[in-house]
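First to last, the protein sequences are chains A and B.
Everything in the first sequence is counted per the working numbering, starting at 1 for the first residue and increasing by one.
Everything in the second sequence is counted per the working numbering, starting at 289 for the first residue and increasing by one.
In this text, a Cβ means the ideal position worked out from N, Cα and C, and glycines have one as well.
There are 2 protein chains.
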Amino acid sequence: MNRLGIIGVGLLGSSVARAARLHGLAGDISGFDRDADNLATAVSLGVLDRAANTPGEAAAGADLVVLAVPVGAMPSVLSELKPYWAESTLYTDVGSTKQALVETLQAVFGYIPSNFVPGHPIAGAEQSGVAAGRADLFDGKRVILTPCPETSPAATAAITTFWQHLGAIVAPMEPLRHDRILAATSHLPHVLAFVLTDLLGHMDDQDAIFQYAAGGFRDFSRIASSDPTMWRDICVANHARIVPLIDDYCRALLAVRELIAHESASELHDLFSHARSARQRFLNLSQQ
Amino acid sequence: MNRLGIIGVGLLGSSVARAARLHGLAGDISGFDRDADNLATAVSLGVLDRAANTPGEAAAGADLVVLAVPVGAMPSVLSELKPYWAESTLYTDVGSTKQALVETLQAVFGYIPSNFVPGHPIAGAEQSGVAAGRADLFDGKRVILTPCPETSPAATAAITTFWQHLGAIVAPMEPLRHDRILAATSHLPHVLAFVLTDLLGHMDDQDAIFQYAAGGFRDFSRIASSDPTMWRDICVANHARIVPLIDDYCRALLAVRELIAHESASELHDLFSHARSARQRFLNLSQQ
Numbered sequence: 001m002n003r004l005g006i007i008g009v010g011l012l013g014s015s016v017a018r019a020a021r022l023h024g025l026a027g028d029i030s031g032f033d034r035d036a037d038n039l040a041t042a043v044s045l046g047v048l049d050r051a052a053n054t055p056g057e058a059a060a061g062a063d064l065v066v067l068a069v070p071v072g073a074m075p076s077v078l079s080e081l082k083p084y085w086a087e088s089t090l091y092t093d094v095g096s097t098k099q100a101l102v103e104t105l106q107a108v109f110g111y112i113p114s115n116f117v118p119g120h121p122i123a124g125a126e127q128s129g130v131a132a133g134r135a136d137l138f139d140g141k142r143v144i145l146t147p148c149p150e151t152s153p154a155a156t157a158a159i160t161t162f163w164q165h166l167g168a169i170v171a172p173m174e175p176l177r178h179d180r181i182l183a184a185t186s187h188l189p190h191v192l193a194f195v196l197t198d199l200l201g202h203m204d205d206q207d208a209i210f211q212y213a214a215g216g217f218r219d220f221s222r223i224a225s226s227d228p229t230m231w232r233d234i235c236v237a238n239h240a241r242i243v244p245l246i247d248d249y250c251r252a253l254l255a256v257r258e259l260i261a262h263e264s265a266s267e268l269h270d271l272f273s274h275a276r277s278a279r280q281r282f283l284n285l286s287q288q
Numbered sequence: 289m290n291r292l293g294i295i296g297v298g299l300l301g302s303s304v305a306r307a308a309r310l311h312g313l314a315g316d317i318s319g320f321d322r323d324a325d326n327l328a329t330a331v332s333l334g335v336l337d338r339a340a341n342t343p344g345e346a347a348a349g350a351d352l353v354v355l356a357v358p359v360g361a362m363p364s365v366l367s368e369l370k371p372y373w374a375e376s377t378l379y380t381d382v383g384s385t386k387q388a389l390v391e392t393l394q395a396v397f398g399y400i401p402s403n404f405v406p407g408h409p410i411a412g413a414e415q416s417g418v419a420a421g422r423a424d425l426f427d428g429k430r431v432i433l434t435p436c437p438e439t440s441p442a443a444t445a446a447i448t449t450f451w452q453h454l455g456a457i458v459a460p461m462e463p464l465r466h467d468r469i470l471a472a473t474s475h476l477p478h479v480l481a482f483v484l485t486d487l488l489g490h491m492d493d494q495d496a497i498f499q500y501a502a503g504g505f506r507d508f509s510r511i512a513s514s515d516p517t518m519w520r521d522i523c524v525a526n527h528a529r530i531v532p533l534i535d536d537y538c539r540a541l542l543a544v545r546e547l548i549a550h551e552s553a554s555e556l557h558d559l560f561s562h563a564r565s566a567r568q569r570f571l572n573l574s575q576q
């Protein structure tokens, strides 16, 4: 890779650019962002070599184009890129939902372009914007690629190598399985944290409530500081997986409500013990 | 203070002992723990000078007795202490619920002892046991005291000074207001995290689910690693405040479910923005 195009220079796009430059994967980085101030900052910080006026201009002549826009912007960005689509260019994205992207590709192109490899780095932070990007954001993190039957194996192999050079651990997955897994581990927890924080923010006595909240609430609610546009788009794009999970969650929560209301001490102890064991399994697996 | 008695040498009891010794507030520390191994460890680590065979023995001759047992153990521990109750001794506790404690004092003694100052340090960690204690656990943390009309103002003043010497910021509060506030900022989030982690721990494909969970889930679920006995007792003791909050939460979550199901993008954006602003208010207040 020599010429890199970045469409959307937020936390992730900026981090891809910084990491690619650090690891010598990009001699020339062109970028586009809908937010002109953010785009100008990207150039002044040296994250980008050039600011493009359109997505097509950022992609022109690139060896690799990374789409790092909120997933709701994918249809319009892909439509803008379509007239300039180049067989010699590789395309990938960093979106948190994958089935909707595959459907968008089909809708925009009428087929799945063989040189677009859908991807999702499991890395992020509650900060946003170009300045929040970090060259080491993907170091040791997992990246899921969800190639379709139509995707060129050579394209998938090249994108795999690209992420590995950025320090990531790359694994392939079916788009729908990706969306189901991420709905459970990421989308549902974000919704739960947004709802709790919003609920507390509407309570009487909320100054005292926030004043006496401790580290547990700080950690629990961290993801409620995430970008509202990004999460609006994820909820819309993956609603078919998130809604049934919310229903499962509500059922489980109401069952616990009954245990608490009836002071069912031993059942509560069992449930909290199971939860604690499950989290220990998560810690063990995430350290592998 | 010279002689300190600690009933329950877990994370909090151990931290009180370590901090009191560090700050020169205790020349002699006696302690009791139902778990004989934990009690022996407390002596071998030097957290305690002496292991007592009963709560009464740990309290005998102490200037200050700190009860640091799960709130469900309060009735039995207070009943055991009652025959040895000394007017010259100050008593306090570190329990996470306060109204139930006041009711237990009334039930055990037939009145509220004037030398018992109910308290709650807003500090903790998901670890438990004597070894997890830290002398700096209360440094800069808030401690809520909930004295009753019957509580001696001199006792409240002495306990306030004790916690201030340990680095804490002390504030008084009505017991019921304490329980309402903590239900919102601590008890409800713990229940939500336990339920989510337990739900994920029962899913098919859970190895992949935990393997691809990221930092957001790690932070969100940290409190689900908390001690099941402690949280069973808190849920039972404060059920009257927690259950209506769970109902409020379910209503709010189901409203968001509808927004997601109907892909109501702008309403979702508004809600996530409000939540993000609320968390920023929390961050601002918690840094004061």
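Return helix, strand or coil for residue i, following the three-state DSSP convention.
i, result
"B/Gly398", "coil"
"B/Arg291", "strand"
"B/Tyr229", "The structure shown has nothing for residue 229 of chain B, since chain B only spans 289 to 576."
"B/His311", "coil"
"B/His562", "helix"
"A/Ala51", "strand"
"B/Ile457", "strand"
"A/Gly124", "coil"
"B/Arg468", "helix"
"B/Asn407", "The identity of residue 407 of chain B in the sequence shown is Gly, whereas the question assumes Asn. Correct three-state label for B/Gly407: strand."
"A/Leu253", "helix"
"A/Phe138", "coil"
"A/Asp33", "coil"
"B/Val382", "coil"
"B/Asp492", "coil"
"B/Leu327", "helix"
"B/Leu333", "coil"
"B/Asp265", "A question about residue 265 of chain B goes unanswered here, because the residues of chain B that appear run from 289 up to 576."
"A/Val301", "Examination of residue 301 of chain A is not possible in this model, given that chain A is present from 1 through 288 alone."
Closest to residue i by CA distance: which of the options is it?
i, options, result
"B/Asn572", "A/Lys82, A/Ile260 and A/Ala208", "A/Ala208"
"B/Ala346", "B/Leu333, B/Ala374, B/Pro358 and B/Gly503", "B/Ala374"
"B/Thr473", "A/Ile181, A/Gly216 and A/Ser14", "A/Gly216"
"B/Glu551", "A/Pro113, A/Ser128 and A/Arg232", "A/Arg232"
"A/Thr97", "A/Ser44, A/Leu182, A/Arg134 and A/Phe210", "A/Leu182"
"B/Val335", "B/Ala307, B/Pro437, B/Ala356 and B/Ala361", "B/Ala307"
"B/Leu541", "A/Leu259, A/Leu245, A/Val256 and A/Glu258", "A/Leu245"
"A/Arg180", "A/Ile234, A/Ala131 and A/Tyr111", "A/Ile234"
"B/Leu556", "B/Arg564, B/Leu547 and B/Ala563", "B/Leu547"
"A/Leu105", "A/Asn2, A/Ala52, A/Glu80 and A/Gly124", "A/Glu80"
"A/Asn115", "A/Pro149, A/Phe138, A/Arg21 and A/Gly95", "A/Pro149"
"B/Leu366", "B/Ala340, B/Pro401, B/Arg567 and B/Gly417", "B/Pro401"
"B/Leu577", "B/Arg465, B/Gln494, B/Phe450 and B/Ala512", "Because chain B here runs from 289 to 576, residue 577 of chain B falls outside it and cannot be looked at."
Hey, does residue i have any beta-carbon neighbour from chain B nearer than 8 Å?
i, result
"A/Asp35", "no"
"A/Ser96", "no"
"A/Ile175", "It should be noted that the sequence gives Pro, not Ile, for residue 175 of chain A. So no, A/Pro175 is outside the interface."
"A/Thr160", "no"
"A/Trp231", "yes"
"A/Val243", "yes"
"A/Leu45", "no"
"A/Pro290", "It is not possible to answer for residue 290 of chain A, since the shown part of chain A is limited to 1 through 288."
For chain A, find out if any of its Cβ atoms is closer than 8 Å to the Cβ of residue i; answer yes or no.
i, result
"B/Tyr537", "yes"
"B/Ile457", "no"
"B/Val524", "yes"
"B/Gln393", "Note that residue 393 of chain B is Leu in the sequence shown, not Gln. Answer no: the Cβ-Cβ gap between B/Leu393 and chain A never drops below 8 Å."
"B/Glu345", "no"
"B/Ile317", "no"
"B/Ser574", "yes"
"B/Ile400", "no"
"B/Arg512", "Looking at the sequence provided, one finds Ala at residue 512 of chain B rather than Arg. B/Ala512 counts as touching chain A."
"B/Arg309", "no"
Given 8 Å, three or more beta-carbon pairs between the segment 27–37 of chain A and the segment 8–17 of chain A: yes
Contact between the segment 148–157 of chain A and the segment 187–204 of chain A (3+ Cβ pairs under 8 Å): Contact fails: fewer than three Cβ-Cβ distances are below 8 Å.
Chain A contacts made by the segment 409–440 of chain B, where a contact means CB separation under 9 Å: Ile410, Ala411, Gly412, Ala413, Glu414, Lys429, Arg430 and Ile432
Any 3 or more C-beta pairs closer than 8 Å across the segment 239–250 of chain A and the segment 451–459 of chain B: Fewer than three Cβ pairs drawn from the segment 239–250 of chain A and the segment 451–459 of chain B lie within less than 8 Å of each other, which leaves the two stretches out of contact.
Interfacial residues, the segment 475–495 of chain B to chain A, with Cβ spacing under 9 Å: Leu476, Pro477, His478, Val479, Leu480, Ala481, Phe482, Val483, Leu484, Thr485, Asp486, Leu487, Leu488, Gly489, His490, Met491, Asp493, Gln494 and Asp495
Near-chain A residues of the segment 497–508 of chain B - C-beta to any C-beta below 8 Å: Ile497, Phe498, Gln499, Tyr500, Ala501, Ala502, Gly503, Gly504, Phe505, Arg506, Asp507 and Phe508
contact_flag[the segment 211–231 of chain A, the segment 467–484 of chain B] where n(CB pairs < 8 Å) is 3 or more: yes
Touch test, the segment 407–423 of chain B against the segment 431–439 of chain B, Cβ-Cβ under 8 Å, three pairs minimum: yes
Where the segment 291–307 of chain B meets chain A: residues whose CB sits under 7 Å from a CB there: For the segment 291–307 of chain B, the set of residues with a beta-carbon nearer than 7 Å to any beta-carbon of chain A is empty.
Residues, ordered as in the chain, of the segment 543–563 of chain B that lie near chain A by beta-carbon distance below 7 Å: The residues in question are Val544, Arg545, Ile548, Ala549, Glu551, Ala553, Leu556, His557, Leu559, Phe560, Ser561, His562 and Ala563.
Where the segment 355–379 of chain B meets chain A: residues whose CB sits under 9 Å from a CB there: Gly360
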